[in-house]
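Participant: Take a look at this one; I'll ask things after.
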Amino acid sequence: MTETVREPVTLTPVLSKHWNEAESWTLESYERNGGYQALRKALAMTPEDVVGAVKDSGLRGRGGAGFPTGLKWSFLPKPDGNPRYLVINADESEPGTCKDIPLMMATPQYLIEGAIITCHAIRAERAFIYLRGEVVHVYRRLLQAVEEARAAGYLGENVLGSGQNIDIVVHAGAGAYICGEETALLDSLEGRRGQPRLKPPFPAVAGLYARPTVVNNVESIASVPSVIDNGSSWFSGLGTAKSAGFGFFSLSGHVKRPGQYEAPLGITLRELIDMAGGMREGHELKFWTPGGSSTPMFTAEHLDVPLDFESTGAAGSMLGTRALQIFDETVCVVRAVLRWTEFYAHESCGKCTPCREGTYWLVQVLRQLENGQGQPSDLDRLLDICDNILGRSFCALGDGATSPISSSVQHFRDEYLRHLDEGGCPFDPVKSTLFAGVNA
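In our numbering, the protein residues as written are 56 to 495.
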């Protein structure tokens, strides 16, 4: 019986292909590299054909859930003569997640063109880009990109002579992580307090202003022009059978060259770390997150897990936003998990009791353990609180808050107990910093 040899995976720069060009964010640069050719092709197609092409490509949502993009578009009811909307979720907020902001800064026209094509496909005349309010530089870059597209005839009335009217509104939120949840985003966009809505009805039926609405992630919409321009079979030929295409893998932490690595889905962390120059000198991998802080952590045992939706799920975690936070042996797992949990407790909107009260108590117990003041039974108490949050909170924020805790106890229970045995954290936090040992 012969062993199947896996071919090495290489980077596939598509959205990041022209990031190194001078003023890559301008319309002139984008058009020079083939920009808006996909829009011209799409406008020559029927909306149904565009939706079908995206369905056939296998493009799945790049915001974390991985729901098929074309299928989501097809859920909208038939047009009734009243407005319908596209809302783009640019509220990138989760610890470790950092793919959409570089994309919007370097080549915002990918997002603009993708939004126009999507509006054509779902028969919408207006799209909204909901951006995290703190990133003022990105807000200004998007406003400039929209104005350039409008001046060139890609937005506004009678787009490229097609008879269609399409426009884009860039909206800056108030900086709440909960507004990354699609219905909380819609409430915020309507001027209400950002809190999740009860579903059903789903946004496809009653979304923004109670009208049919498609809500998609920045990277999902920005990938649409390449699907239309190169064809569905080209896109589905990348990645794996069920996780087609390419995506950004955001490496941060203890690698020599952190950054954005655009590669086919199914690449492994081992391959990505090699591309990033390896772990920092003299250290080895201890634990990592495959999809941001809200996904169960992996260890060095998972270096060869293919980073696609199915394989990551089968290994016990989620692909999420492909935010790969890499930690070496100098990092205290308890301290890292405490920091993440403090974030979730702070960002909980307070609408539901399990999340509001549960995240608060998770922080209290974790602080005691980190300071060596707890007792072994506190680990069971942590897991019990997690069980009372998981599946019982109003949205996925509560579920995400439990993931790093339950997985860290599973993989590093002895490290938690060591805090109690030694009366405090046995790790020196300075050793995990980049400047560790510089003065020495």
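C-beta atoms are modelled at their ideal positions from N, C-alpha and C, and glycine is treated no differently.
Just verifying my parser: in three-state terms, what is the DSSP assignment at Leu475?
Facilitator: Counted from its first residue, the sequence shown places residue 475 at position 420. Helix, per DSSP.
Participant: Would you check if the distance between the CB atom of Tyr185 and the CB atom of Leu263 is smaller than 8 angstroms?
Facilitator: Counting from 1 along the sequence shown, the entry for residue 185 is found at position 130. Counting from 1 along the sequence shown, the entry for residue 263 is found at position 208. No, these two residues do not count as a Cβ contact at 8 angstroms.
Participant: Pair every Cβ in the region 223–236 with every Cβ in the region 144–162, then say whether three or more of these pairs are closer than 8 angstroms.
Facilitator: Contact between the region 223–236 and the region 144–162 is present: three or more C-beta pairs spanning the two stretches fall below 8 angstroms.
Participant: Just how far apart, CA to CA, sit Ala259 and Thr67?
Facilitator: Sequence index remark: in the sequence shown, residue 259 carries index 204 (1-based). Sequence index remark: in the sequence shown, residue 67 carries index 12 (1-based). Answer to the nearest angstrom: the Cα atoms are 32 angstroms apart.
Participant: Which partner residues does Trp343 have in the DSSP bridge list?
Facilitator: Counting from 1 along the sequence shown, the entry for residue 343 is found at position 288. Beta-bridge pairing links Trp343 to Phe353, Ile381.
Participant: Which parts of the region 242–284 are runs of the alpha helix (DSSP H), unbroken and 4 residues or longer, counting only runs that do not cross its ends?
Facilitator: 273–277
Participant: Considering only the alpha carbon of each residue, which of Pro409, Ser462, Val282, Glu425 lies closest to Ile345?
Facilitator: Walking along the sequence shown from the start, residue 345 turns up at place 290. According to the sequence displayed, residue 345 carries Pro and not Ile. Comparing Cα-Cα distances from Pro345 to each of Pro409, Ser462, Val282, Glu425, the minimum goes to Ser462.
Participant: Please classify Ala296: is it buried, with 16 or more other beta-carbons within 10 angstroms of its beta-carbon, or exposed?
Facilitator: On the sequence shown, position 241 is the one that residue 296 refers to. Classification for Ala296: exposed.
Participant: Output the distance between the C-alpha atoms of Asp155 and Leu374, rounded to the nearest integer angstrom.
Facilitator: Here residue 155 is taken as the residue at index 100 of the sequence shown, counted from 1. Here residue 374 is taken as the residue at index 319 of the sequence shown, counted from 1. For Asp155 and Leu374, the distance between alpha carbons rounds to 16 angstroms.
Participant: By the three-class DSSP mapping on this structure, what secondary structure does Ser307 have?
Facilitator: Along the sequence shown, read from residue 1 onward, the residue named residue 307 stands at position 252. Strand, per DSSP.
Participant: Tell me the rounded alpha-carbon separation between Gly116 and Pro459.
Facilitator: As a position in the sequence shown, residue 116 is number 61, starting the count at 1. As a position in the sequence shown, residue 459 is number 404, starting the count at 1. Taking the straight line from one Cα to the other gives about 23 angstroms.
Participant: Answer with buried or exposed for Thr65, where buried requires no fewer than 16 other C-beta atoms within 10 angstroms of its C-beta.
Facilitator: In the sequence shown, the residue the question calls residue 65 occupies position 10. Result: exposed.
Participant: So, are the CB atoms of Met352 and Phe342 less than 8 angstroms apart?
Facilitator: In the sequence shown, the residue the question calls residue 352 occupies position 297. In the sequence shown, the residue the question calls residue 342 occupies position 287. Closer than 8 angstroms, so yes.
Participant: Apart from the five residues on each side of it in sequence, which residues of its chain come closer than 6 angstroms, Cβ to Cβ, to Phe467?
Facilitator: What you label residue 467 is simply residue 412 of the sequence shown in a count that begins at 1. Here the set comprises Val388.
Participant: I want to know whether the region 385–399 touches the region 415–425 - three or more CB-CB distances under 8 angstroms.
Facilitator: By the Cβ rule, the region 385–399 counts as touching the region 415–425, because three or more pairs are nearer than 8 angstroms.
Participant: Within the same chain, show all residues whose beta-carbon is closer than 8 angstroms to that of Val224, passing over the 5 residues directly before and after it, in chain order.
Facilitator: Working through the sequence shown from its first residue, we reach residue 224 at position 169. These residues qualify, in order along the chain: Arg181, Ala182, Phe183, Ile184.
Participant: Looking only at DSSP bridge pairs, what is Leu362 linked to?
Facilitator: Numbered from its first residue, the sequence shown carries residue 362 at position 307. Leu362 is not bridged to any residue.
Participant: Which stretch, first to last residue, makes up the beta strand (DSSP E) that contains Phe122?
Facilitator: Locating residue 122 in the sequence shown gives position 67, where the first residue counts as 1. Phe122 -> no beta strand (DSSP E), and no H or E assigned at all.
Participant: Could you tell me which residues DSSP puts in a beta bridge with Val142?
Facilitator: Walking along the sequence shown from the start, residue 142 turns up at place 87. Bridge partners of Val142: Phe183, Val270.
Participant: Taking the runs of the alpha helix (DSSP H) that are 4 residues or longer, which of them lie wholly in the region 414–488?
Facilitator: Entirely contained in the region 414–488, the alpha helix (DSSP H) runs reaching 4 residues are, in chain order, 432–444, 451–477.
Participant: State the Cα-Cα distance for the pair Tyr316 and Tyr165, rounded to the nearest angstrom.
Facilitator: Here the question's residue 316 lines up with position 261 in the sequence shown. Here the question's residue 165 lines up with position 110 in the sequence shown. Their backbone Cα atoms lie some 17 angstroms apart in a straight line.
Participant: Give the range of the beta strand (DSSP E) segment to which Asp111 is assigned.
Facilitator: If you number the sequence shown from 1, residue 111 lands on position 56. Run containing Asp111: none in the beta strand (DSSP E); it sits in the alpha helix (DSSP H), 102–112.
Participant: What are the partner residues of Met334, as DSSP defines its beta bridges?
Facilitator: Translated into positions along the sequence shown, residue 334 becomes position 279. DSSP lists Val310 as partners of Met334.
Participant: Can you name, in chain order, every residue of its own chain whose Cβ lies under 8 angstroms from the Cβ of Pro102, other than the five neighbours on each side?
Facilitator: Here the question's residue 102 lines up with position 47 in the sequence shown. Once the five neighbours on either side are set aside, the close Cβ partners of Pro102 are His175, Ala176, Ile177, Arg178.
Participant: Compute the Euclidean distance between the alpha carbons of Thr457 and Cys450, then round it to the nearest angstrom.
Facilitator: In the sequence shown, the residue the question calls residue 457 occupies position 402. In the sequence shown, the residue the question calls residue 450 occupies position 395. Near 13 angstroms, if we compare the C-alpha coordinates of Cys450 and Thr457.
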